[in-house]
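Visitor:
Printed below as a string of structure tokens:
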């Protein structure tokens, strides 16, 4: 299968989730002095300029904060900007989001203190189907994480989140059981592992399993089955050897001898440990007494 544009975004899901809160907190700050700059940036895009000017302000706010952070966070933050623009801005600018960002940078970078080419390297096309799958992966994680907030107080709400999560999982996992994208399915498998780990030993919700099935009887599931089989088989083999063979007779004599030696050692160790504990208690008492006298 040919690789679609932007498939690397499947592997970006975790940091897209991390960068979203910072984006949401910065975009709503109002800078009245940027109104004219954003008007100039949007003038060549005739479709809904008022909305585009609002997006320009949001992007300026975000970049003003992002450019001050570490190199790694800046890179992740720029990828998030590309992802957000594909979701929210692309249709309004006739799909020319790089041109739109370039106009914003050209008119605002001096006041924002960031470079005139900031984030342009990360603005690349994301195929519409890839974008939908990335959005679905993010929705899966958001519903899963929402279900573990205030677990004791909001049982109904928790189960609602898990229900949405489970419905979407069933849809996506069926796609992966056919001939589909390996990168996406690997990331879906990572979600399944995260879900099973978080839901392990939790109170179940009606009709929602605490353990999701792996996509193709994955290696993790296979390893678990193998381990379980070994746990069942090995004790049986050892019991037969111990009970019904000459080797078992030798083992029993050897165990009795070792147990006698071990018992003698335990008695000595208990006495040594008792003496050591007494010594430690005395040392602690002496330290407190010395501190008390010195005051």
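In the UniProt record's numbering, the protein residues as written are 1 to 295.
Ideal Cβ positions, reconstructed from N, Cα and C, are used throughout, including at glycine.
#1: Indicate the three-state DSSP secondary structure (helix, strand or coil) for residue 176 in the structure shown.
#2: How many angstroms separate the CA atom of residue 19 from the CA atom of residue 3?
#3: With a threshold of 7 Å (Cβ to nearest heavy atom), would residue 66 be considered close to the ligand HEM?
#4: Less than 8 Å separating the beta-carbons of residue 26 and residue 83?
#5: In whole angstroms, give me the CA-to-CA distance for residue 208 and residue 86.
#6: Quick check: the Cα distance between residue 288 and residue 165, rounded to an integer number of angstroms?
#7: Please state whether DSSP places residue 183 in a helix, a strand or coil.
#8: Which residue's Cα is closest to the Cα of residue 157: 169, 170 and 143?
#9: From residue 56 to residue 203, what does the alpha carbon distance come to, in whole angstroms?
#10: For residue 58, which residues from the same chain have a beta carbon less than 6 Å from its beta carbon, with the 5 sequence-adjacent residues on both sides left out?
#11: Since residue 52 and residue 60 are thought to touch, with beta carbons under 8 Å apart, how far apart are those beta carbons, to the nearest angstrom?
#12: If you compare alpha carbons, which of 108, 77 and 128 is closest to residue 40?
#13: For the alpha helix (DSSP H) holding residue 55, just list the boundary residues, first then last.
#14: Helix, strand or coil, according to DSSP, for residue 193 in the structure here?
#15: Could you check if residue 92 is buried or exposed, using at least 16 other CB atoms within 10 Å of its CB as the buried criterion?
#16: Rounded to the nearest angstrom, what separates residue 171 and residue 147 at their Cα positions?
#17: Could you check the C-alpha separation between residue 223 and residue 187 for me, to the nearest Å?
#18: Skipping 5 residues on each side, what residues in its chain have a beta carbon closer than 6 Å to that of residue 220?
#19: For residue 37, which residues from the same chain have a beta carbon less than 6 Å from its beta carbon, with the 5 sequence-adjacent residues on both sides left out?
#20: Give me, in chain order, the residues of the same chain whose beta-carbon lies closer than 6 Å to that of residue 197; leave out the 5 immediate sequence neighbours on both sides.
#21: When burial is assigned at 16 or more other CB atoms within 10 Å of the CB, is residue 95 buried or exposed?
#22: Taking Cβ to Cβ, would you say residue 120 is nearer than 8 Å to residue 98?
#23: Which stretch, first to last residue, makes up the alpha helix (DSSP H) that contains residue 103?
#24: On the three-state DSSP scale, how would you describe residue 205?
#25: What's the C-alpha gap between residue 130 and residue 6?
#26: Can you grab the Cα-Cα spacing for the pair residue 232 / residue 214, in whole Å?
#27: Between which two residues does the alpha helix (DSSP H) holding residue 15 run?
#28: Are there 16 or more other CB atoms within 10 angstroms of the CB of residue 70, so buried, or fewer, so exposed?
#29: Tell me the rounded alpha-carbon separation between residue 168 and residue 111.
#30: What number of angstroms, rounded off, separates the C-alpha of residue 10 from the C-alpha of residue 74?
#31: Just the Cα atoms here: how many angstroms apart are residue 133 and residue 116?
Guide: Short version:
#1: DSSP places residue 176 within a helical segment (H, G or I) once states are collapsed to three.
#2: 26 Å
#3: The model depicted lacks the ligand HEM and carries no ligand whatsoever.
#4: no
#5: About 33 Å.
#6: Annotation note: pLDDT 33 at residue 288 (below 50); position unreliable, no value reported.
#7: helix
#8: 143
#9: 46 Å
#10: 27
#11: 12 Å between Cβ atoms; not a contact.
#12: If we check each option's Cα against that of residue 40, 108 comes out closest.
#13: 49-66
#14: helix
#15: buried
#16: 20 Å
#17: Any answer about residue 223 is weak, because its pLDDT of 42 lies below 50 and its placement is not dependable; what the coordinates show is given next. Answer to the nearest angstrom: the Cα atoms are 19 Å apart.
#18: Caution applies to residue 220, whose pLDDT of 47 falls short of 50 and renders its modelled position unreliable; the model cannot decide the point.
#19: 107 and 108
#20: none
#21: exposed
#22: yes
#23: 97-112
#24: Residue state, collapsed to three classes: strand.
#25: 7 Å
#26: Note that residue 232 scores 40 on pLDDT, short of 50, meaning its location in the model is unreliable and no value can be drawn from it.
#27: First-last of the alpha helix (DSSP H) with residue 15: 13-26.
#28: exposed
#29: 44 Å
#30: 19 Å
#31: 32 Å
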